[in-house]
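Quick mapping for you: the protein sequence lines, in order, are chains A and B. Residue 1 is where the first sequence starts when you use my numbering, and the numbers rise one by one after that. Residue 1 is where the second sequence starts when you use my numbering, and the numbers rise one by one after that. Worksheet: the structure to be examined is printed underneath.
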Amino acid sequence: MNPAIQGLITIIVGVGGCVAYFYFSNQFLDKVIFPATGKNAGRNISRANMVRPWLFLFPAIFALGLYLAYPVVETLRLSLTDRDAGGAFVGLANYEQMMGEPKFWEALRNNFIWLLVVPALSTAFGLLVAQLTDRLSWGSIAKSLIFMPMAISFVGASVIFRLIYVARPEDQAQIGVLNSVWLQFDGGAGSFFVLKLLPALLLLCFIAATAYIIYLLVQPIISGGRSGGGLATAGRALVTVVGAYLIFEALGAIVSLFGAVLPYGEPQQWLTIPFFNNFFLMVVLIWIQTGFAMVILSAALRGIPEETIEAAIIDGANPLQVFFKIKVPQIMGTIVVVWTTVTLTVLKVFDIVFAMTNGQWETQVLANYMFDKLFRANDWGVGSASAIIIMVLVSPILIWNVYNARKEMR
Amino acid sequence: MSAIAGTKSSLTWAVQISTLALVLLWLFPTIGLLVSSFRTVDQINSSGWWASLSAAEQNEVYRAADPDENRVADGDVFVVSGNLFGGEGSKTISVWGTSSRAIDAYTAGETADLGDGETVTVQGNGDYEWVGTDDQISGRGQRIFVTVTSPPEFTFDNYDTVLTGGYSDGGMTRAFFNTLTVTIPATIIPIVVAAFAAYALAWMEFPGRALLIAMVVGLLVVPLQLALIPLLRLHLEIGIGKGYLGTWLAHTGFGLPLAIYLLRNYMVGLPKDIIENAKVDGATDFQIFTKIILPLSFPALASFAIFQFLWTWNDLLVAKVFLIDATGETTVMTNQIVELLGTRGGNWEILATAAFVSIAVPLVVFFMMQKYLVRGLLAGSVK
């Protein structure tokens, strides 16, 4: 049969069945079980109205329960069993096995870097574009062009960026932009500025930003009093420790950057350079997510009352001060939401790594590690265990979401 | 106030230029793919796509026609003549040579003296004439190294190959219809289910409503990776196995939290009077829903439909787990492209075209329905 006709038939059956359920179940309720006629008409109508919400909700609750709630419990159970032993309970053995694998730690480390870099850069670029296009006459065109990658699949984006990273042997014409640019460097003054000084300055900016965040967090504790309870203090301490570690790493990176001997003039296989290839993969996700951040942040920027900005300008604030001291604090809530949403995407991202490197050359991430365990190694136990790890990483956001929703409902 | 106006005008140019730079940076990768998909294999391999509008230069090797069959006697010498490119094409030879150590020894139109009276002449359009004695013009054809410049060339051949070149050869037509078969029901079913649920959660009174809403919000963030193993086992046990039905159900389940959340947020904001008036007039909830709420909720329905469409069209994971079986008959486009990356990793004409075919539909939807997409994003994230 022609695939088009086959597709059409399946579409009609699938959608038709769904619509039929709602129509006939309501008809059945009103006409057969509780008919709105006869001597019990009034009672029947009110009874029918008590049942109806559940009739409306049933498919949704059923699907949500079966496809999202039940798997959480079942995956937890599976992660404690062994498939080879016929599903016998093995306690934490799967977790132990997973912890013993270097690939798992590699995935965890890479995921940590992804979580650090992608949400931050997507939000920053999104905010930058939102601010730049705010008053521009062609702003809406610029926005929709930057928003466009949203519509492109991760796999499609991977192909797009593979074309950028592709390397050919030295004696052939380079068809990848990155290598074509790279071959322009020859170790002279220009190369020093672009490849060493510029990255070092970026790292310094990162160090400064991290140090400033630590300062903001630590200052209330030192000055005494209003640190807000034990849990908050512990959180601040944790962020401080992580921040200090990052500063240390960044300093080390600057030192090694100046010591490094770069392979000028040779085409590079970008995706096979350990550690740095992670960043080449992250670029793909940042490219996709920036548009999303921009749309939401630009709506938030529009929502800022004009008076506050006008007042600041009259008081002599320059554009940078207006942006960082007036606008950013007012949209902080939205920035956090955007940051969180991108973080969720990062945790779940699988396609990009799968399509570009498949976790080789030290680019493994948790989601792809899990897929590997599941469908290559056929190990449901360890696969489930890694899925649970992803769930654990997501759960703070889940709790925060529910907490916010409940606050709103009151 | 003049100071404010002055500040703005001096900054305007900087803003315009940096915005333009960012937009170009964001567009650059996609344009590369688009341009590559219209280039010929030779052109892709001889220059980067950014140079596609200028003539490409390329080194090629040809062999003169077989002397034993094609030589023509001309007095006491023999002549083999013909065209290196087979008489077609728009390539131009700039320099050429007869040995691999000096491939640029002669310019077009010059005659190379190979010693003992044997000569080769190559014209710019590829016409050659090889002249020599009986002994010299025998055996295999003379090798000729040429450096050709070919003018920019764009073609639809790649699309022809990808779309009609047969399934095993990267033909995407089947995958295209498979993707459509997955996408359309997987977009419509969750909308229908979620619209009824959202109406119940927004406008019907029943115990446990707040709890249900909190549950939906919580499930918004549950990673779908968690669902893969238990549900695949379940599908295999109850006999759905791997196939369209299971995929629709999975996409419906995974799309529902966002759908219910978006639609409920929207429906709560609808005017209460209309619904109460309808109730007083004796309309049932089913009638209110289909006659009043659904038409009024069109913007929210549209925005979710776009989300779900983009998500199901672009999905790889769900299809890989719940749909694609050993026969590979039900493969979707994203999977097809990943396979091409493995088998045709160097064939950019096939890869770029296949990728662009899969990107085209979402892009069209995106640009047509952008208004609703943005509205949905804002309703879902800023509330």
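Note that the Cβ used here is the ideal one computed from N, Cα and C, for glycine as well. It should be emphasised that the depicted structure is a prediction, and the values quoted were computed from it without experimental measurement.
Contacts around residue i, its chain only, beta-carbon distance under 8 Å, and the 5 residues preceding and following it disregarded
i, result
"B/ALA65", "VAL80, GLY82 and GLY141"
"A/TYR95", "SER79 and ALA385"
"B/ILE350", "ASN158, THR161, VAL162, GLY170, LEU340 and ARG344"
"B/SER38", "The sequence given here places Phe at residue 38 of chain B; Ser does not occur at that position. PHE154, THR155, PHE156 and ASN158."
"A/ILE164", "GLY176, VAL177 and LEU178"
"A/GLU106", "GLU362 and GLN364"
Residue i vs residue j beta-carbon contact at 8 Å
i, j, result
"B/GLN225", "A/ALA189", "no"
"A/ILE213", "A/GLY243", "yes"
"A/ALA20", "B/VAL193", "no"
"B/SER358", "A/SER25", "no"
"B/LEU219", "B/PRO190", "no"
"A/PRO119", "A/THR343", "yes"
"A/GLY383", "B/ILE229", "yes"
"A/LEU217", "A/VAL194", "no"
"B/PHE206", "B/PHE289", "no"
"B/ILE390", "B/TYR372", "No information on residue 390 of chain B is available, as it lies outside the stretch 1 to 383 that chain B covers here."
"A/MET391", "A/VAL72", "yes"
"B/THR179", "B/VAL332", "yes"
"A/PHE56", "B/TYR266", "no"
"B/VAL23", "A/ILE146", "yes"
"B/TRP248", "B/PRO151", "no"
"B/VAL217", "A/ALA405", "yes"
"A/ILE175", "B/GLY346", "no"
"B/GLU60", "B/VAL146", "yes"
"B/PHE78", "B/ASP113", "no"
"B/ALA355", "A/ILE160", "yes"
"B/GLY109", "B/ILE103", "no"
"B/TYR244", "B/VAL148", "no"
"A/ILE331", "A/ILE314", "no"
"A/ALA157", "B/VAL338", "no"
"B/ILE188", "A/VAL15", "yes"
Neighbourhood of residue i by C-beta, 7 Å cutoff - its chain only, sequence neighbours within 5 removed
i, result
"B/ALA250", "LEU231, VAL318 and PHE322"
"B/TYR167", "Low per-residue confidence applies at B/TYR167: pLDDT is 47, beneath 50, and the placement is therefore not dependable enough to give any value."
"A/LEU203", "ALA250, ALA253 and ILE254"
"A/MET282", "TRP114, VAL117 and VAL118"
"A/ALA130", "MET294, LEU297, SER298 and LEU301"
"B/ILE274", "ILE292"
Sequence-distant residues of the same chain with beta carbon closer than 6 Å to residue i, five excluded per side
i, result
"B/LEU310", "PRO362"
"B/VAL268", "ALA202"
"B/LEU296", "LEU270"
"A/LEU108", "none"
Per DSSP, the bridge partner or partners of residue i
i, result
"B/GLU57", "B/THR149"
"B/ASP74", "B/VAL77"
"A/ILE5", "Per DSSP, none; premise fails for A/ILE5."
"B/SER99", "B/ALA102"
"B/ARG39", "B/PHE154"
"A/GLY17", "Per DSSP, none; premise fails for A/GLY17."
"B/VAL268", "Note: B/VAL268 sits in no beta bridge, so no partner."
"B/ARG143", "B/ARG63"
"B/GLU129", "B/SER81 and B/THR121"
Cβ-based burial, residue i [other Cβ within 10 Å; buried from 16]
i, result
"B/GLN43", "buried"
"A/PHE324", "exposed"
"B/LYS272", "exposed"
"A/TYR67", "buried"
"A/PRO396", "exposed"
"B/ILE17", "exposed"
"B/ARG63", "exposed"
"B/GLY6", "The predicted model places B/GLY6 with a pLDDT of 44, which falls under 50 and marks its position as unreliable; any figure quoted below should be read in that light. Exposed is the call here."
"B/TYR277", "Looking at the sequence shown, residue 277 of chain B is not Tyr but Asn. It counts as exposed."
"B/GLN336", "buried"
"A/ILE5", "exposed"
"A/VAL336", "exposed"
"B/LEU84", "buried"
"A/VAL394", "buried"
"B/ARG375", "buried"
Under 8 Å by beta carbon: chain C residues contacting residue i
i, result
"B/PRO257", "Any reference to chain C falls outside this structure, whose protein chains are A and B."
Residue i Cβ short of 7 Å to the ligand ATP heavy atom set
i, result
"A/LEU271", "The ligand content of the structure shown is nil, which means the ligand ATP is not present either."
Which ranges does the beta strand (DSSP E) cover as unbroken runs of at least 3 residues, wholly within the region 281-365 of chain A, from first to last along the chain? Every candidate beta strand (DSSP E) stretch fails here, since none sits fully inside the region 281-365 of chain A while reaching 3 residues.
Would you mind listing the alpha helix (DSSP H) stretches within the region 170-251 of chain A that are 4+ residues and don't spill past its ends, in chain order? The qualifying runs are 177-182 and 198-222.
Completely contained alpha helix (DSSP H) runs for the region 205-248 of chain B, where each covers 4 or more residues: The qualifying runs are 209-219 and 225-238.
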